[in-house]
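Positions 0 to 449 (numbering that gives the first Met the number 0) are the ones given, in order, by the sequence shown.
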Amino acid sequence: MRKGSVCNIGLFCLLACMAGCSLITSQPVEPYPPVPPLTYAPRPAAHVIPGVEVLLDKTWMISRSGEQERHRMISFFDLLIKGRTVGLLTNPTGVNTALHSTIDLLHEHPEVRLGALFAPEHGIRGDLSAGDEVTDGIEPKTGVQIFSIYRRKPTSEMLAGLDAVLYDIQDIGASSYTYIYAMAQMMAACAKSGVPFIVLDRPNPVGADYIDGPVLDTSRFFSGIGQYDIAYMYGMTPGELALLINREFLDKPCKLSIVPMANYSRRMRHHDTGLSWVPTSTHIPQASTALHYSLTGVIGEIGGVSTGVGYTLPFECLTAPWIDRDKLVDAINARNIPGLRARPISYQPSYAAYAGQTVHGAHLMITDQRVIRPLSAQITLMEILQTLYPERNLFTRPGAEESLFDKALGTNLIRLMIAQGASAEAILESLRPRQEAFRQMRDKYLIYDQ
0 MRKGSVCNIG LFCLLACMAG CSLITSQPVE PYPPVPPLTY APRPAAHVIP
50 GVEVLLDKTW MISRSGEQER HRMISFFDLL IKGRTVGLLT NPTGVNTALH
100 STIDLLHEHP EVRLGALFAP EHGIRGDLSA GDEVTDGIEP KTGVQIFSIY
150 RRKPTSEMLA GLDAVLYDIQ DIGASSYTYI YAMAQMMAAC AKSGVPFIVL
200 DRPNPVGADY IDGPVLDTSR FFSGIGQYDI AYMYGMTPGE LALLINREFL
250 DKPCKLSIVP MANYSRRMRH HDTGLSWVPT STHIPQASTA LHYSLTGVIG
300 EIGGVSTGVG YTLPFECLTA PWIDRDKLVD AINARNIPGL RARPISYQPS
350 YAAYAGQTVH GAHLMITDQR VIRPLSAQIT LMEILQTLYP ERNLFTRPGA
400 EESLFDKALG TNLIRLMIAQ GASAEAILES LRPRQEAFRQ MRDKYLIYDQ
C-alpha cells in the first residue's frame, strides 16, 4: 500500500459526524476544509474508483483527527456501516469496477446487513420503461424487501429498523432525469426519521466542469421532472448535488455523508474514467447517449419530431415524414455549432413518434464532447426547426402550455421566444443572470478539482 490523497486533485470530502469521530459535517461554515489524505491500495492512475468501492475496500482509510498516524486511521466502511442494518436506493447501475452489484456486495458482506431496497423510476432491475408503475416486491436473489419510491415519498415505516440509507445510482447530469429527485426525497425522509443518508459518489458522465441551459423556476413549473431551482445541466456529481440540495432546499437537512470517488476530475467525460457503462434506463444504452439526451430530449417532449427513440439511435436524431433532410442538415452545419455535425438520415421507428412511418432528417453527431454544450445546442436546433417549418407550429400547438417541454426546462420562456422568432443567441443571453446565480450557489458544494 501507499499513501496519498483520495484522488490526485486536492479532493474535498464531507462526512457527517458518526462513531464519535472528529469529521467534517455536512453543514460546515464555508469554506470547507480539505479531507485528510487517505491510505489506499495502488490502482491505475487513470481508473476512477467509484464510491461503493471506496466504501467496501477497507484499504481506503481516513484519519479520525486529521493526523497521519496509522493507529488513528479508520476505513470508510468501519466508520459508516460496520455492524449496521442499511437500506439501499439503487438500480442496475450500482456496481463496482468489476461490475458486481452493490446489492449483492452488501447482502453477502459479513459485517453489514442489507435490510431494505428502494426502487426509483425504471425499477430496481431497470426493466421498466419511463413512466411505468414501479411496485413493491421481494428481490428474488437476496430475499430483501423492495419498496418503490417512484411517485411516492418514502415513509417512516419503510425506514424502520434501518441504521442508515445508502444511495448508489449512476446519473446523467440532466435535471429532467428523475433519479436525483428520488435521492432528494429519501434525504428528506431520512431527515424526518433521523436516519443517516450516505451517497456513494459516481461520475457525471457528461462532465461536471460546466453548467448549461435554464435554471428551473419550480415556483411555476414544479413537476416530477423538475423539483428544484437548479440548472438543466447542473455540472455536479450526485454527491455534490446532494450537498447542495441538503443545504439549500430541504426544510430539514439530513445527516449526510459522501463517500467520494478516487482519481476523478470534474473535466472527465465518461470515456475518461475507465469505468464500464451500465445503461441508466431503457433509452440510455451508451454513455454517449447521456449527452444526446440533453441535445434533443426536450424537443422530443413537445412532439412532432422523432429524436431516434424507437429506432437504434435514441436522442441522436431530428426527423419527421415532412422534413427535407438535406435542407435541415445544411442549416445545422451552417451554424457551426461547437462539437456538433449533422448528416442526412432516413429510417422507420418501430415505436414512439411516427412508428411504422419513414422519417427523414438529421443524424446529430457529437464530434467533441469537451466543447459541446448540449442544451445550448438544442436551443439552436429549436430555432432552426422553427425557421424552416413555421407552419408546423411545433412550439404553439394545442396542449403546448401543459407539455412536458415546459416542465422539463422549468420555464416557458424558451418555447415562447422560439415561437416569436427569437434567435438562439438572444435566448441564451436571457438565461445568463439566473445561470450565474446558480453557479455561485453550486461552487460552494464542489468536492473535486478540475
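Built from N, CA and C at the ideal position, the CB exists for glycine as well.
By the neighbour-count criterion, in which a residue is buried when 16 or more other Cβ atoms sit within 10 angstroms of its Cβ, Gln377 is buried. DSSP places Ala289 in the uninterrupted alpha helix (DSSP H) bounded by Ala286 to Ile301. As a beta-bridge residue in DSSP terms, His359 pairs with Ala319 and Ser345. Residue environment for Leu98: exposed (fewer than 16 other C-beta atoms within 10 angstroms of its C-beta). The stretch 139–156 and the stretch 100–119 touch, with three or more beta-carbon pairs separated by less than 8 angstroms.
As for any beta strand (DSSP E) of minimum length 3 sitting wholly inside the stretch 182–208, the runs are 196–199, ordered along the chain. The three-state reading of DSSP puts Ala421 in coil, since its state is none of H, G, I, E or B. The DSSP-derived three-state label of Phe437 is helix. Closest in alpha carbon position to Leu363, among Met60, Glu52, Phe248 and His291, is His291.
As DSSP reads the structure, Ser256 sits in a beta bridge with Ile197.
Distances from the alpha-carbon of Phe437 to those of Tyr209, Lys140 and Thr318 put Tyr209 closest. Per DSSP, the continuous beta strand (DSSP E) segment holding Asp211 begins and ends at Asp211 to Val214. For the options Gln368, Val47 and Gly309, the alpha carbon positioned closest to that of Ile336 is the one of Gln368.
Comparing C-alpha distances from Ala351 to each of Tyr447, Val53, Pro313 and Gly338 shows the shortest one belongs to Pro313.
Secondary structure remark: continuous beta strand (DSSP E) runs of at least 3 residues inside the stretch 133–192, in chain order: 144–147 and 163–167. For the stretch 41–126, the continuous alpha helix (DSSP H) assignments of 4+ residues that do not extend past its boundaries occur at 50–55, 75–79 and 101–106, in sequence order.
Counting along the chain, Ala230 sits inside the beta strand (DSSP E) bounded by residues Ala230 to Met232.
In the DSSP assignment, Ser218 falls within the unbroken alpha helix (DSSP H) covering Thr217 to Phe220.
Exclusion of the five residues before and after Tyr444 leaves Glu239, Leu242 and Leu243 as the residues of its chain whose Cβ lies within less than 6 angstroms of its Cβ. By the neighbour-count definition (other C-beta atoms within 10 Å, threshold 16), Ser349 is an exposed residue. Where Arg324 is concerned, the enclosing alpha helix (DSSP H) starts and stops at Arg324 to Ala333. Each residue's CA atom was taken as its position, placing Glu424 and Asp271 some 31 angstroms apart. The beta carbon of Ala418 is closer than 6 angstroms to those of Phe394 and Thr395 in its chain, skipping five residues each way along the sequence.
The C-alpha of Arg340 is placed about 7 angstroms away from the C-alpha of Thr366.
Contact between Thr101 and Val94 is confirmed by a C-beta separation of about 7 angstroms, below the 8 angstroms threshold.
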